[in-house]
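J.: First residue of the sequence shown? That's 13 in my numbering, and the numbers climb one at a time after it.
Glycine included, every Cβ here is placed at the ideal spot set by N, Cα and C.
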Amino acid sequence: MHDGQLLIPGQTCWRLEHADRFACIIDAADYFHHAKTAMLQAQRRIVLVGWDFDTRMSFEPRGKTLPGPNRLGAFLRWLLRDRPNLEIYVLKWNMSMVTEFQAVWRGMTPLMVQNWLNGKRVQFAIDRAHPVGSVQHQKIMVIDDSLAFCGGIDMTVDRWDTSDHVHRSHLRRSVTGRRYSPRHDVSAAVDGPAARAIAEQARRRWQAATSKSLAPIKLEHAVWPDDLEPAVCEVDVGIARTLPAPDPDGAVREVEALNLAAIAAARHIIYIENQYMASRKVAEALAVRLCDPEGPEVVIVLPRNSESWLEQQAMDGARLNLLQLLWAADDHGRLGVYWPVTDGGEPIYVHSKVLVIDDQLLRIGTSNLNNRSMGFDSECDLAVEGDPAFPLHDKVRRAIVSARHRLVGEHLGLPVDEFEHAMNRCGSLLQAIESLRGQGKTMRRFEPDTVAGEDSPLAENDLLDPDQVPPSPVRRMQRFIARLTQ
13 MHDGQLLIPG QTCWRLEHAD RFACIIDAAD YFHHAKTAML QAQRRIVLVG WDFDTRMSFE
73 PRGKTLPGPN RLGAFLRWLL RDRPNLEIYV LKWNMSMVTE FQAVWRGMTP LMVQNWLNGK
133 RVQFAIDRAH PVGSVQHQKI MVIDDSLAFC GGIDMTVDRW DTSDHVHRSH LRRSVTGRRY
193 SPRHDVSAAV DGPAARAIAE QARRRWQAAT SKSLAPIKLE HAVWPDDLEP AVCEVDVGIA
253 RTLPAPDPDG AVREVEALNL AAIAAARHII YIENQYMASR KVAEALAVRL CDPEGPEVVI
313 VLPRNSESWL EQQAMDGARL NLLQLLWAAD DHGRLGVYWP VTDGGEPIYV HSKVLVIDDQ
373 LLRIGTSNLN NRSMGFDSEC DLAVEGDPAF PLHDKVRRAI VSARHRLVGE HLGLPVDEFE
433 HAMNRCGSLL QAIESLRGQG KTMRRFEPDT VAGEDSPLAE NDLLDPDQVP PSPVRRMQRF
493 IARLTQ
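So this is what it looks like as structure tokens:
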């Protein structure tokens with residue numbers, strides 16, 4: 013083990029497992045295509061673990077090119093009819109009785125009925141096995157324990173979008189015909205032992221939620237989608253988790269440990285895409301690096317605003333506080349915080365959870381940069397590392413840089429080679445972005461005036477965004493009331 017290694021089992025990750033192939037999948041149009049292609053190869057078992065599912069979701073709004081029905085629920089039922097040995101397990105997070113009621117009316121009825129009609133071959137379950145207020149936020153799909161997907165993309169409605177993020181696209185329509193905003197997200201795919209490890213995590217989640225165990229599958233057959241190009245082959249993949257526990261000492265906080273270790277280790281560039289910037293620990297770690305005269309550039313891509321009123325009050329309010337912290341620390345002009353827009357100026361909602369450190373680390377997963385994802389919600393991230401001390405890691409480092417440049421190029425509306433030419437000319441990620449920002453599809457910069465007025469009494473509130481299981485509901489309410497009356 014090299015002294016500078018970031019992925020350390022038992023500390024910054026749960027396991028470090030080999031993958032024959034590792035792929036970075038950008039945006040839900042490609043993810044849904046590859047997910048359906050993989051499910052078409054399934055022979056024994058499909059396990060879907062997620063925050064949300066909706067069986068009305070369409071895989072291909074542009075028109076069906078793959079076999080089988082286009083909507084998730086009909087497709088899963090079609091698979092069962094076509095494959096007598098196939099079993100399907102769907103586990104959806106539940107927050108309350110309201111969520112269970114919504115599950116019936118928001119597209120899960122077909123699977124509930126299938127449970128009743130089909131016995132053991134398809135199982136749909138509501139996941140209640142979490143502390144009160146905690147979220148089961150892992151988004152995992154496993155095919156025959158041979159291929160696993162993990163990332164930010166929920167297999168539900170209002171998620172599909174292409175990487176072009178066409179302004180006011182007629183294809184971005186909900187099942188009721190309502191137009192939804194452009195959306196950016198990222199997921200990862202792995203096979204080999206890394207996929208089997210993620211399958212183990214999915215089985216553990218199923219057992220925790222249902223008290224029923226699933227046996228591992230030993231089945232060797234081709235599952236990897238033919239048109240999914242790996243970012244890198246023959247690579248070790250770290251699996252980092254957050255798992256809450258009533259006793260804070262028993263919680264798993266690998267995601268937080270990896271974030272902090274990676275930020276501390278960065279030499280030149282920290283690149284972040286995330287739905288939130290609400291974790292004070294992460295922001296303080298970034299501020300330390302910005303204060304360092306020899307520290308790295310920090311480029312952060314966020315959504316312009318959170319989606320719901322409550323999120324805007326809690327998460328956007330916290331973002332205001334933490335951006336002010338970062339701006340105050342940026343004595344050397346190495347910080348850029350942006351949101352992407354379409355060529356018509358509409359904000360693109362950033363839902364991805366990506367961290368890139370130099371050419372050393374690429375992390376893709378389900379964890380947000382808020383307190384909940386550090387210790388209170390269940391999360392699962394995948395990471396690959398290229399150690400600069402080993403020439404054999406050159407291919408991994410190239411893949412890490414390539415993923416970062418693909419993402420930035422997408423946000424700027426530019427081909428990757430054009431962005432890389434600017435990088436070579438400027439010698440700086442931040443300067444390259446600034447030289448290329450302009451009209452049309454581009455990145456707009458957060459400035460103090462941008463977020464002025466977004467402060468909120470709900471910001472950084474341990475009732476809405478705790479980083480561990482709170483001591484008691486009564487104590488939480490006391491702190492909440494005290495904060496409101498300050």
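Taking its Cβ as the centre, do 16 or more other Cβ atoms sit within 10 Å of A115, making it buried, or is it exposed?
T.: For A115, the predicted structure reports a pLDDT of 45, less than 50, and the residue's modelled location is therefore unreliable. A value from the coordinates is still provided. Its Cβ being crowded by 16 or more others within 10 Å, A115 is buried.
J.: What does the Cβ neighbour count give for H233, buried or exposed, with the cut at 16 atoms within 10 Å?
T.: exposed
J.: Flag this pair as touching only if the stretch 248-268 and the stretch 76-89 have three or more C-beta atom pairs under 8 Å; answer yes or no.
T.: no
J.: Nearest CA to the CA of I275: which residue from P256, P258, P260 and A295?
T.: A295
J.: Buried or exposed: where does H182 fall if 16 or more other Cβ atoms within 10 Å of its Cβ makes it buried?
T.: exposed
J.: With K293 as the anchor, note down where its alpha helix (DSSP H) starts and where it stops.
T.: Here the alpha helix (DSSP H) through K293 covers R292 to C303.
J.: Could you pull out every residue in the same chain whose Cβ sits closer than 8 Å to the Cβ of E319, ignoring the five residues on either side in sequence?
T.: Y361
J.: Grouping DSSP H, G and I as helix and E and B as strand, with all else coil, what is T7?
T.: No answer is possible for residue 7: it lies beyond the span of the chain, which begins at 13 and ends at 498.
J.: Could you give the distance in angstroms between the alpha-carbon of Q336 and the alpha-carbon of W321?
T.: 22 Å
J.: Since I believe V396 is in contact with V244 (beta carbons under 8 Å), could you give me their beta-carbon distance rounded to a whole number of angstroms?
T.: 7 Å
J.: Between the Cα of T168 and those of Y283, Y350, P96 and G85, spot the shortest distance and give me the residue it belongs to.
T.: The shortest C-alpha separation from T168 is found at G85.
J.: So, are the CB atoms of A211 and D248 less than 8 Å apart?
T.: No, these two residues do not count as a Cβ contact at 8 Å.
J.: Which stretch, first to last residue, makes up the beta strand (DSSP E) that contains R253?
T.: V244 to L255
J.: Tell me whether F113 sits in a helix, a strand or coil according to DSSP, three-state version.
T.: Note that F113 scores 46 on pLDDT, short of 50, meaning its location in the model is unreliable; the coordinates nonetheless yield the value given after this. Note: F113 maps to helix in three-state DSSP.
J.: Note down the Cα distance separating A411 from Q480, rounded to an integer number of angstroms.
T.: 35 Å
J.: So, using beta-carbon positions, are S188 and D389 closer together than 8 Å?
T.: The question names Ser, yet the displayed sequence has Thr at residue 188. No, Cβ-Cβ distance for T188 and D389 is not below 8 Å.
J.: One question on the structure: do G16 and A277 come within less than 8 Å of each other, judged by their Cβ atoms?
T.: yes
J.: Please report the distance separating the alpha-carbon of Y43 from that of W90.
T.: 20 Å
J.: Give the secondary structure of P359 by DSSP, where H, G and I count as helix, E and B as strand, and everything else as coil.
T.: Strand at P359.
J.: Quick one, which of A160, A434 and Q23 has its alpha-carbon nearest V235's?
T.: A160
J.: According to DSSP, is E446 helix, strand or coil?
T.: helix
J.: In terms of residues, what are the limits of the alpha helix (DSSP H) holding S414?
T.: Its alpha helix (DSSP H) spans residues D406 to L424.
J.: Classify S223 as buried or exposed, calling it buried when 16 or more other Cβ atoms lie within 10 Å of its own Cβ.
T.: exposed
J.: Answer yes or no: do D197 and A330 have a C-beta to C-beta separation smaller than 8 Å?
T.: no
J.: I need the straight-line Cα distance from Q148 to D139, nearest angstrom please.
T.: 8 Å
J.: Would the beta-carbon of L302 fall within 8 Å of that of V311?
T.: no
J.: Have a look at L98 and D474 and give me their C-alpha separation to the nearest angstrom.
T.: 44 Å
J.: Following a CB-centred definition, is P205 positioned closer than 7 Å to any heavy atom of the ligand COA?
T.: In the structure shown, the ligand COA is absent, as is every other ligand, since no ligand is present at all.
J.: Take R416 and list the residues in its own chain whose beta-carbon comes closer than 7 Å to its own, dropping the five residues that flank it on each side.
T.: Y283 and V368
J.: Please state whether DSSP places S570 in a helix, a strand or coil.
T.: There is simply no residue 570 to check, as the chain begins at 13 and stops at 498 in what is shown.
J.: Let me check one thing: in DSSP terms, what residues is D479 bridge-paired to?
T.: DSSP, once it has assigned bridges, lists no residue as partnering D479.
J.: Write down the C-beta distance between E285 and V366 rounded to the nearest angstrom, noting that I regard them as a contact closer than 8 Å.
T.: 4 Å
J.: Among G145, G398, G62 and L298, which residue has its Cα nearest to the Cα of D343?
T.: Distance from the Cα of D343 is smallest, within the candidate group G145, G398, G62 and L298, for L298.
J.: Considering Cα atoms alone, identify which of A137, M435, R346 and G452 is closest to R279.
T.: R346
J.: Given this structure, state the Cα-to-Cα distance separating I37 from W172, to the nearest angstrom.
T.: 13 Å
J.: Tell me the rounded alpha-carbon separation between W63 and K48.
T.: 19 Å
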